[in-house]
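Q:
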C-alpha cells in the first residue's frame, strides 16, 4: 500500500479540513445534491427537514419537510435545470416512496414558489422487498438514464422522464453491502463495498449491462459506509465503518481508475466518520463532507477539503505547466524534447523509496530541481545551436538575428489554476 503525501510534507501533517457553519440539525444517512452555489440537504435518520446551504454565504435556509420518517436510507437525485431551479426525485428507503419536487432557490427573495415534495406520477418499483440504502446516478450520452443500485444484487436502468425500466441485471454472484459507494466516470460506473468492486458499462445501442470485477485493497475489505466522490479519474473514499473493529475510521483512500490501483492518502479526516455525505463543488476545487456518525452520536459538523490536497496535480494541470514553459521560453526555436518528460516526471513523482512508501520532497526543493533540469535542457539546446552556426560561418540564422535586434516585449502573466 502506498501512502500519498503532499509535496509540503512537513506542513501536511496539520489539519487540511476547513470547518464551516454547523448544520441546523445533526444528520446521519443524509442525501445531498448540488445546484449552482447551493447544496441541497434532504433529510436523514429521524430528520424530516430539507435545507439549502449557500456555499458563498456559508449559511443555511429551510426548504420544506418530508412526511414523518420518510427519509431513512433513501436516495435523492437532481435532474437538469438552471442554476436556481431544478427537479428533484426522492425515492427508496425503508419506507418506500417516490416523490418529486420542482425546486426553486430559497435564496431568491423575489420567488413566491412553495417548495414541497409531491407524489411522482410513477413509483420506482423495487426488485426486492426493500429499497433501503439504494444508490442512484444520472448518466447516459444525454443524461437520459437513471442507474439504480439496489441492495443486495440488482442494478436497474430507468428512463429519467418516465421512470420506466429499460434494463436490469442481477449480480447474483456478488453480495454487495448495504452502504455501497456508487460513482461514475467516463470509463463507466463503479461500485465498491467490503470485498467487492465492480466496473459497469451500459451499451445504449444494445441495451445491455456488462460488469467487470475489481480488487479492493486489504485495508478496505471490512469497511462500508464511507463518504465518496469521483473526480479527475480518482474515486475518493473518506472514513467509513470498520466491521472488524466496529468503529468508524478517519482514513482516506483513493482508487486510480486508469491504473486500477489503490493508494492511501497521508491526510486523515479530523475525526472518525461513518455515513457522512461527500459532494464536490461545481468548480471542482472543494469536497464538502456533511453530517455522519462519529462513533458516539450523529454529528452536526460540516467541513470541506481541497481536492488538490487529496489527489495532487492532475495530468491536465501538467499539460498547462508544459505550455506555460514553452510560452515563456527565450529560445524561439525550441520544440518538444524528450527531456521535458523527465522534468514533468520529476515535478510530479519525485520519490524516495523507503518502506515502499512515497516520500515527496518539499516544494522549494522540488521547484529548484525542476528549474535546474529545465536550465540543463536549455543549455544543451543553446550548445547545439552554437555548434550549427560554427559549422556554417557565412550564414546567420534570421530567427537568431531577429531575437537579438528586436526590442524586448513585455510578457503577459498567465495564471495557472
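Residue numbers (this note's numbering): 719 to 1135.
Even glycine gets a Cβ: it sits at the ideal position worked out from N, Cα and C.
Since this is a predicted model, take the numbers as computed values, not measurements.
Rounded to whole angstroms, what's the CA-CA distance from residue 867 to residue 806? Just pull it up for me.
A: The residue you call residue 867 lines up with position 149 of the chain shown. The residue you call residue 806 lines up with position 88 of the chain shown. Those two C-alpha atoms are separated by around 18 angstroms.
Q: Would you mind working out which of 797, 777, 963 and 766 sits nearest residue 788, comparing C-alpha positions?
A: Residue numbering aside, residue 788 sits at position 70 when the chain shown is read from its first letter. Selected option, being the one with the closest Cα: 766.
Q: With a Cβ-Cβ cutoff of 8 angstroms, do residue 871 and residue 842 count as a contact?
A: The sequence position of residue 871 within the chain shown is 153, counting from 1. The sequence position of residue 842 within the chain shown is 124, counting from 1. Result no, Cβ atoms of residue 871 and residue 842 do not sit closer than 8 angstroms.
Q: Please indicate yes or no: does the CB of residue 794 lie closer than 7 angstroms to some heavy atom of the ligand PLP?
A: For the ligand PLP, the structure offers nothing, since it holds no ligand at all.
Q: In chain order, what residues of the same chain have a beta carbon less than 7 angstroms from the beta carbon of residue 888, not counting five sequence neighbours either side?
A: Translated into positions along the chain shown, residue 888 becomes position 170. Excluding positions up to five away in sequence, the list reads 871 and 872.
Q: Out of 851, 757 and 746, which has the shortest C-alpha to C-alpha gap to residue 1013?
A: Position 295 of the chain shown, counted from the first residue, corresponds to residue 1013. Comparing Cα-Cα distances from residue 1013 to each of 851, 757 and 746, the minimum goes to 746.
Q: Can the beta-carbon of residue 761 be found closer than 8 angstroms to that of residue 768?
A: The sequence position of residue 761 within the chain shown is 43, counting from 1. The sequence position of residue 768 within the chain shown is 50, counting from 1. Going by beta carbons, residue 761 and residue 768 fall inside the 8 angstroms limit.
Q: Can you tell me whether residue 849 is buried or exposed, with buried defined as 16 or more other CB within 10 angstroms of its CB?
A: Walking along the chain shown from the start, residue 849 turns up at place 131. The residue in question, residue 849, is buried, as its Cβ has 16 or more Cβ neighbours within 10 Å.
Q: Among the candidates 791, 742, 935 and 828, whose CA atom is the shortest distance from the CA of residue 776?
A: The residue labelled residue 776 in the question sits at position 58 within the chain shown. When only C-alpha atoms are compared, the closest one is 742.
Q: For residue 779, name the three-state secondary structure that DSSP assigns.
A: On the chain shown, residue 779 is found 61 positions in, with the first residue counted as 1. Strand.
Q: Assign residue 729 to buried or exposed, taking buried as 16 or more other Cβ atoms, counted over all protein chains shown, within 10 Å of its Cβ.
A: Position 11 of the chain shown, counted from the first residue, corresponds to residue 729. At residue 729 the pLDDT is 35, less than 50, meaning the model places this residue with poor confidence; the figure from the coordinates comes in the next sentence. So residue 729 counts as exposed.
Q: Could you give the distance in angstroms between the alpha-carbon of residue 1020 and the alpha-carbon of residue 856?
A: As a working note, residue 1020 is residue 302 in the chain shown. As a working note, residue 856 is residue 138 in the chain shown. Those two C-alpha atoms are separated by around 25 angstroms.
Q: According to the Cβ coordinates, are residue 994 and residue 957 closer than 8 angstroms?
A: On the chain shown, residue 994 is found 276 positions in, with the first residue counted as 1. On the chain shown, residue 957 is found 239 positions in, with the first residue counted as 1. Yes. Within cutoff.
Q: Look up residue 881 in the DSSP assignment and say whether it is helix, strand or coil.
A: Taking the chain shown and counting its residues from 1, one reaches residue 881 at position 163. It is coil, neither helix nor strand.
Q: Tell me whether residue 1029 sits in a helix, a strand or coil according to DSSP, three-state version.
A: For the purposes of this step, residue 1029 is taken as the residue at position 311 of the chain shown. It is helical.
Q: Report all residues from its chain with a CB closer than 6 angstroms to the CB of residue 773; omit the five preceding and five following residues, and keep chain order.
A: On the chain shown, residue 773 is found 55 positions in, with the first residue counted as 1. Cβ neighbours of residue 773 beyond the five flanking positions: 755.
Q: For the putative contact between residue 1141 and residue 913, defined by C-beta atoms under 8 angstroms, what is the C-beta separation to the nearest angstrom?
A: The shown model of the chain, from 719 to 1135, leaves out residue 1141, and the question about it has no answer.
Q: For residue 1018, which residues of its own chain have a beta-carbon under 6 angstroms away from its beta-carbon, when the five flanking residues on both sides are left out?
A: Here residue 1018 refers to the residue found at position 300 when the chain shown is read from its first residue. Excluding residues within five positions, the ones whose Cβ falls inside 6 angstroms are 740, 741 and 744.
Q: Given that a residue counts as buried once 16 or more other Cβ atoms are within 10 Å of its Cβ, and exposed if not, what is residue 952?
A: Here the question's residue 952 lines up with position 234 in the chain shown. Residue environment for residue 952: buried (at least 16 other C-beta atoms within 10 angstroms of its C-beta).
Q: Does residue 938 come out as helix, strand or coil in the three-state DSSP assignment?
A: Working through the chain shown from its first residue, we reach residue 938 at position 220. Helix at residue 938.
Q: Is it right to say residue 737 is buried, meaning 16 or more other beta carbons lie within 10 angstroms of its own, or is it exposed?
A: In the chain shown, the residue the question calls residue 737 occupies position 19. Under this definition residue 737 is an exposed residue.
Q: Within a Cβ cutoff of 6 angstroms, which residues of the same chain sit near residue 906, ignoring the five residues on either side of it in sequence?
A: The count along the chain shown starts at 1 and reaches residue 906 at position 188. Excluding sequence neighbours, residue 906 sits near 917, 918 and 919.
Q: Does residue 979 come out as helix, strand or coil in the three-state DSSP assignment?
A: Here residue 979 corresponds to residue number 261 of the chain shown, with the count starting at 1. Three-state result, residue 979: strand.
Q: What does the alpha-carbon distance come out to for the pair residue 752 and residue 879?
A: In the chain shown, the residue the question calls residue 752 occupies position 34. In the chain shown, the residue the question calls residue 879 occupies position 161. Those two C-alpha atoms are separated by around 20 angstroms.
Q: Among 798, 976 and 955, whose alpha-carbon lies nearest the alpha-carbon of residue 966?
A: In the chain shown, the residue the question calls residue 966 occupies position 248. The residue with the shortest Cα to Cα distance from residue 966 is 955.
Q: How is residue 737 classed by DSSP in three states: helix, strand or coil?
A: Numbered from its first residue, the chain shown carries residue 737 at position 19. Reduced to three states, the DSSP call for residue 737 is strand.
Q: Pick out whichever of 804, 814, 802 and 821 has its Cα sitting closest to the Cα of residue 781.
A: Here residue 781 refers to the residue found at position 63 of the chain shown. Considering only alpha carbons, the answer is 821.
Q: Who pairs with residue 849 in a beta bridge, going by DSSP?
A: Stepping through the chain shown from its first residue, residue 849 is reached at position 131. Looking at the DSSP assignment, residue 849 forms a beta bridge with 811.
Q: Output the distance between the C-alpha atoms of residue 838 and residue 980, rounded to the nearest integer angstrom.
A: Residue mapping note: residue 838 aligns to position 120 of the chain shown, counting from 1. Residue mapping note: residue 980 aligns to position 262 of the chain shown, counting from 1. Those two C-alpha atoms are separated by around 40 angstroms.
Q: Do the CB positions of residue 911 and residue 942 come within less than 8 angstroms of each other?
A: Within the chain shown, residue 911 is the residue found at index 193, counting from 1. Within the chain shown, residue 942 is the residue found at index 224, counting from 1. In contact: residue 911 and residue 942 (Cβ atoms closer than 8 angstroms).
Q: Would the beta-carbon of residue 1140 fall within 8 angstroms of that of residue 865?
A: Because the chain in this structure spans residues 719 to 1135, residue 1140 falls outside the shown range and cannot be described.
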